[in-house]
Amino acid sequence: MNVSKNEEQVVAKKKSGLNPAIVIPVLFVIGVAIYMFVLGNPSNFQHTEKFKGALSVALSDVEGKKIEPAEGSMMGIVYKGGPVVPILLTFMITVLVFSIERALILGRASGKNNLDNFVTTIRTYLNKNQINEALEECDRQQGSVGNVVKEGLTTYKILEKDATLNKEQKLVALSKSLEEATTLEMPMLEKNMMILSTLGTVATLIALLGTVLGMIKAFAALGAGGGSPDAAALSTGISEALINTALGIGTSAIAIILYNYFTSKIDGLTYKIDEIGLSIQQSFAEFN
């Protein structure tokens, strides 16, 4: 039933959303660029004249431990977090980009009109066995919920005229049609959710790596000076450790919150689909 249509939908779902294999490397380049040319801009540091017009302190000849952030410059402070910072920046940008993508996709999946009103309207039409009116409402609603309901109602009309199946077989066929339509829509809703889930964990681990590297530098500075350790190198190591910790925890927290939010939205859409699907089957059993 509607095989060609289903095949077209499958192709459409495969093409929907951002491709992580392409997007994430691009975001990494952007993260490195932000680290070098925004955070690492000489204006964020003390004694800008010693950088001799370099676009980034990373491209200057000044030794890293002699580069000190300007007073009150948060960008300069974050830059001093070291080589792990670009990775954490990439994670943060990735979370933001894929969260925006999920918000747009899920908003489109809900349809053009209020979803609760759509469910109420469809159930009203079903109670009156007004299938054509319900189909017209699906065309106006669109979105994933509208697509699944329309597929179920289309199957409903076909089975009404089918004289080869008994009532029980028709109900099984109707249920299967709704399940297949739902299965076709779910990949679009859940695509890239794993990225948010993964970054919620990995960001903390990478931050821990940056923290460990910073503490290694701090203890190396503590031991290198014998009785009088290098205070500048010691503070640099501790600062690097804390900056990485803060960035990682912040990124992880945002990723986890957004992942849970989008998961609840998907569950809500799935519930609406199941609710209307049950109403369609009950209506068919009552009027046929």
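UniProt numbering numbers the first residue of the sequence shown as 1 and each following residue consecutively.
Note that the Cβ used here is the ideal one computed from N, Cα and C, for glycine as well.
Fair warning: this is a prediction, and the values are worked out from it, not measured in the lab.
Unbroken alpha helix (DSSP H) stretches of 4 residues or longer found wholly inside the segment 63-112: 74-79, 85-110, given in chain order. Around lysine 50, the same chain offers Val62 as residues with beta carbons nearer than 7 Å, after the five sequence neighbours per side are excluded.
A straight-line Cα-Cα distance of about 52 Å links glycine 17 and alanine 224. Looking at the DSSP output, phenylalanine 45 shares a beta bridge with Pro69. In the structure shown, aspartate 267 adopts helical secondary structure according to DSSP, grouped into three states.
Secondary structure of aspartate 162 (DSSP, three-state): coil. Setting aside the 5 residues that flank it on each side, phenylalanine 262 is surrounded in the same chain by Arg102, each with a C-beta closer than 6 Å to its C-beta; the list follows chain order. In this structure leucine 89 does not touch tyrosine 125 by the C-beta definition: roughly 51 Å separates them, more than the 8 Å allowed. Per DSSP, aspartate 230 is not a residue of any alpha helix (DSSP H), being assigned neither H nor E. In the three-state DSSP reduction, alanine 241 falls in the helix class (H, G or I).
For aspartate 61, there is no enclosing alpha helix (DSSP H), as DSSP marks it with neither H nor E. Isoleucine 195 sits away from glycine 214, with the two beta carbons spaced by 9 Å or more. When rounded, the separation of the alpha-carbon atoms in phenylalanine 118 and glutamine 141 is 7 Å. Less than 9 Å divides the Cβ of valine 38 from the Cβ of methionine 75. Taking C-alpha positions only, leucine 269 is separated from glycine 107 by approximately 10 Å. Relative to the Cα of valine 172, the nearest Cα in the group Thr236, Gly152, Glu190, Leu184 belongs to Gly152. In the three-state reduction of the DSSP assignment, leucine 18 falls in the coil class, being assigned neither a helical nor a strand state.
The three-state secondary structure of glycine 250, taken from DSSP, is helix.
Under the Cβ criterion (8 Å, minimum of three pairs), the segment 203-220 does not count as touching the segment 172-191. Distance from leucine 174 to phenylalanine 98 at the Cβ level is roughly 36 Å; contact not present, criterion being Cβ atoms closer than 8 Å.
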